[in-house]
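Asker: Take this structure, written in structure tokens, and hold onto it; I'll ask about it next.
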Amino acid sequence: MELTIKNIVKSLFFTLIPLALTFVTLNFYGFAKPFIFILLLFIFFFIYLRAGFKNAFLFSVTFFISTIILNCIVAVFLEDKMYYRPHEKLSIYNAELGRKLYKKNVDILFNMPFGDIKAVGNLKDIDIEPRKIRFKTDALGFRNNGDYKGERYVVVGDSFIVANGTDQTDMISVQLKNKWNKSVYALGYEGGIPEYVRYVLYLKGKTDKDFKVLIFLFEGNDFPDFISKKQMIINKSQRKILYERIKALFEETALYRYTFSLMARFTNKHQKAKSFYLKGHWIGEFEDYINVTERNSYILPDNAVKMLNLIRDHIGHIFFIPTKYRVYFPFIEKKDKKELPHSQWKATQSLARALGVGCTDLTEMLRKESERLLKEDKFTYWKDDSHWNGYGIAVAARAVCDYINKVENEH
């Protein structure tokens with residue numbers, strides 16, 4: 015009996031060695047979701063147990079080497095074809111921040127065939143706007159022309175501050191510098207209020223300079239129904255950070271990204287979008303953003319104020335960015351509503367009062383410029399994208415310039 019138990023233990027031990035290597039190898043594949051991952055390991059365990067150590071080890075090593083070769087092939091021949099914009103291509107895990115950010119000190123030219131509404135909205139009736147854009151990041155991993163040099167004002171927000179889908183020269187910070195000689199640093203990356211607080215604290219930890227934060231809240235996705243306790247965690251445990259760093263080593267490989275994108279195409283539902291006809295043009299918008307815009311009432315979660323209180327002394331002003339649907343609503347032909355509620359702006363005003371700062375609604379400014387540009391067949395937002403373009407960003411840059419001038423004149 016003792017010999018039998020020893021043999022069983024020995025067999026199990028030698029089965030675990032190739033299984034461990036297989037476990038490492040499977041992490042290179044983006045389709046290996048938790049359930050599939052566990053199921054595959056379970057299947058491999060019994061296969062290896064029956065095959066014997068020599069055969070199991072030989073297979074696991076072959077599987078691993080083949081995967082490494084396949085990763086190299088994907089990196090060389092297929093990686094660039096996976097992405098329709100720089101955002102996904104350049105996003106990697108930042109251990110200091112504890113979440114994804116852009117690769118540091120990157121400067122690339124990228125041919126965008128279309129915007130995000132065409133890419134994930136699955137719309138056919140929409141005008142496509144291919145463009146070539148430059149995308150440059152700084153030493154911290156934010157999209158800027160240069161590193162932070164003690165700028166007095168810092169704009170923070172999501173992909174609207176990044177200027178996703180738009181050339182580097184049209185970024186709000188770049189326009190402020192080129193047109194009005196206002197030096198402003200940009201903290202832009204996807205996220206919401208909890209992430210914006212982290213970006214500010216991240217910069218604060220890198221400099222002893224005092225700065226004022228101008229927060230940009232986008233109507234489409236910066237007004238959630240709730241903010242979880244998990245989202246409010248600022249300092250993650252070292253164990254959690256170590257786990258995320260190891261996980262990121264695999265998730266940032268070309269093979270993982272490629273297989274993950276393939277899996278997403280077959281399993282994920284397209285984000286629904288609608289197209290609208292105006293002045294001879296078809297423009298698109300995400301249905302989620304339309305639904306948010308049409309809310310009759312909205313109250314920002316209390317946790318939003320709690321998070322922002324962590325950087326309260328740095329907050330100078332809040333700017334409200336409306337959805338493309340709201341901006342172009344007066345010009346849309348054959349619409350079924352006469353007017354839209356303005357619930358998110360009211361929530362922004364309440365938030366500003368709670369923080370003791372001012373706020374600016376960019377809606378009417380963008381509408382006025384949009385109406386003027388329509389006569390020239392031009393737009394403030396990309397027709398195939400949910401984001402504003404250089405013309406729309408110029409409106410926001412002008413508003414920021416006016417705010418800075420007002421503050422400076424008061425002092």
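One rule links them: number in our numbering = place in the sequence shown (from 1) + 14. Ideal Cβ placement from N, Cα and C applies to all residues, glycine included.
1. For Ala262 and Val75, I'd like the C-alpha separation in whole angstroms.
2. On the three-state DSSP scale, how would you describe Phe78?
3. Is it true that the CB of Leu104 sits closer than 7 Å to the CB of Val120?
4. I believe Ile186 touches Val214 by the beta-carbon criterion, under 8 Å. Please report the beta-carbon distance rounded to the nearest angstrom.
5. Between which two residues does the alpha helix (DSSP H) holding Ala366 run?
6. Say whether the segment 176–194 touches the segment 216–225, bearing in mind that this needs 3 or more beta-carbon pairs closer than 8 Å, one atom from each stretch.
7. Taking the runs of the alpha helix (DSSP H) that are 4 residues or longer, which of them lie wholly in the segment 157–229?
8. Out of Ala34, Gly44 and Val306, point me to the one whose CA is closest to Met277's CA.
9. To the nearest angstrom, report how far apart Gln285 and Gly135 are at their CA atoms.
10. Is the beta carbon of Thr394 closer than 7 Å to that of Gly404?
11. Curious, which full-length alpha helix (DSSP H) runs of at least 4 residues does the segment 240–271 contain?
12. What did DSSP end up calling Ile87 once you bin it into helix, strand or coil?
13. Could you tell me the boundaries of the alpha helix (DSSP H) in which Thr377 lies?
14. Flag this pair as yes or no: are the beta carbons of Glu204 and Asp172 separated by less than 7 Å?
15. Between the alpha carbons of Tyr303 and Ser242, how many angstroms are there, rounded?
16. Could you check the C-alpha separation between Leu26 and Leu63 for me, to the nearest Å?
17. Which one of Gly155, Tyr210 and Glu308 has the shortest CA to CA distance from Met321?
Answerer: Working from what's here:
1. 22 Å
2. helix
3. yes
4. At roughly 17 Å, the Cβ-Cβ gap does not stay under 8 Å, so Ile186 and Val214 are not in contact.
5. Ser357 to Leu369
6. no
7. 173–176, 186–194 and 207–218
8. Gly44
9. 5 Å
10. no
11. 252–265
12. helix
13. Thr377 to Leu388
14. yes
15. 21 Å
16. 7 Å
17. Tyr210
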